[in-house]
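In the working numbering, the protein residues as written are 9 to 293. Report on the structure given below.
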């Protein structure tokens, strides 16, 4: 089997497995076919992982866009480091010093300044909209502009331990500079996982992902305008995707579950149905 066939088969397999365990399945595929590591990591969206910046002490998110080998670049310090527990370069020695941090690609000075402002802006956005969670923004240079990714993650685990949920949103964009405007292309992916269980209903798992794309031309006066434009695009996209999830996916799931199972006794449901039919018949007379 050729490498192309192996890659297509791996993607096809991942689409048929539980999306809640995408990271586990991805690791298994990589261990089976190590030659597909880079292609799979760059093509498959998986739940984001949280690490802590050793220089600033702030949490940040790991993804393929800030990775260089086993090292990841912190958006707060701008430096590469290996997360605690990692096996690659960038560990911490006995004196607490950062050993062998990665030397991956970093944005230019201008783009890095925009990256810093974007992280500050989306940190406020995260607190207002998510009331917790972690956010990270990474920029990199393009020949005719710049590109970046906005990451947001929120996890919920009630004290009972029987319910848990997570929301991961990944917004990848390109910004191409034009005369007094910029052309933006945004690709957004939301990974949602909800699991609950009780004695009456048993266990239920709602997990999946959704991807949407938009393109837009917006006015630009200076680099600050880019941050405002990107923020508006991401905010609007998240609102649309959240409403779509709520109205279509959860609404349909509720209808299906309601038709399959009822918490009330069958005799009560039959009595209500009979009463309803009797009212309809009386109206026809």
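Cβ coordinates follow ideal geometry from the N, Cα and C atoms, glycine included.
Start-to-end residues for the alpha helix (DSSP H) that takes in residue i
{"i": "residue 82", "result": "Note, residue 82: premise wrong, no alpha helix (DSSP H); not H, not E."}
{"i": "residue 118", "result": "117-138"}
{"i": "residue 233", "result": "231-252"}
Straight-line Cα distance separating residue j from residue i
{"i": "residue 278", "j": "residue 60", "result": "57 Å"}
{"i": "residue 46", "j": "residue 224", "result": "30 Å"}
{"i": "residue 100", "j": "residue 64", "result": "Here the model assigns residue 100 a pLDDT of 38, short of 50, so the residue's position is not dependable, and the following value carries that caveat. When rounded, the distance between both Cα atoms is 15 Å."}
{"i": "residue 215", "j": "residue 232", "result": "37 Å"}
{"i": "residue 249", "j": "residue 259", "result": "14 Å"}
{"i": "residue 190", "j": "residue 142", "result": "28 Å"}
{"i": "residue 23", "j": "residue 53", "result": "11 Å"}
{"i": "residue 123", "j": "residue 210", "result": "46 Å"}
{"i": "residue 154", "j": "residue 20", "result": "32 Å"}
{"i": "residue 49", "j": "residue 72", "result": "7 Å"}
{"i": "residue 79", "j": "residue 236", "result": "30 Å"}
{"i": "residue 176", "j": "residue 281", "result": "42 Å"}
{"i": "residue 136", "j": "residue 276", "result": "44 Å"}
{"i": "residue 139", "j": "residue 185", "result": "34 Å"}
{"i": "residue 89", "j": "residue 221", "result": "32 Å"}
{"i": "residue 69", "j": "residue 285", "result": "56 Å"}
{"i": "residue 131", "j": "residue 145", "result": "9 Å"}
{"i": "residue 200", "j": "residue 114", "result": "30 Å"}
{"i": "residue 162", "j": "residue 289", "result": "51 Å"}
{"i": "residue 158", "j": "residue 263", "result": "34 Å"}
{"i": "residue 38", "j": "residue 44", "result": "6 Å"}
{"i": "residue 6", "j": "residue 84", "result": "The structure shown does not extend to residue 6, since the chain is modelled only from 9 to 293, so the question has no answer here."}
{"i": "residue 55", "j": "residue 252", "result": "20 Å"}
Where residue i falls, given that 16 or more other Cβ within 10 Å makes a residue buried
{"i": "residue 228", "result": "buried"}
{"i": "residue 206", "result": "exposed"}
{"i": "residue 166", "result": "exposed"}
{"i": "residue 243", "result": "exposed"}
{"i": "residue 246", "result": "buried"}
{"i": "residue 13", "result": "exposed"}
{"i": "residue 77", "result": "exposed"}
Element boundaries [beta strand (DSSP E), containing residue i]
{"i": "residue 193", "result": "189-206"}
{"i": "residue 184", "result": "172-186"}
Helix, strand or coil at residue i according to DSSP, with G and I counted as helix
{"i": "residue 210", "result": "strand"}
{"i": "residue 151", "result": "coil"}
{"i": "residue 141", "result": "coil"}
{"i": "residue 228", "result": "coil"}
{"i": "residue 114", "result": "coil"}
{"i": "residue 275", "result": "helix"}
{"i": "residue 283", "result": "helix"}
{"i": "residue 264", "result": "helix"}
Any non-hydrogen atom of the ligand SAM closer than 7 Å to residue i Cβ
{"i": "residue 80", "result": "Among the components modelled here there is no ligand, and therefore nothing to report on the ligand SAM."}
Length-filtered (4 minimum) alpha helix (DSSP H) runs lying within the region 13-88:
Listed in chain order, they are 30-40 and 45-51.
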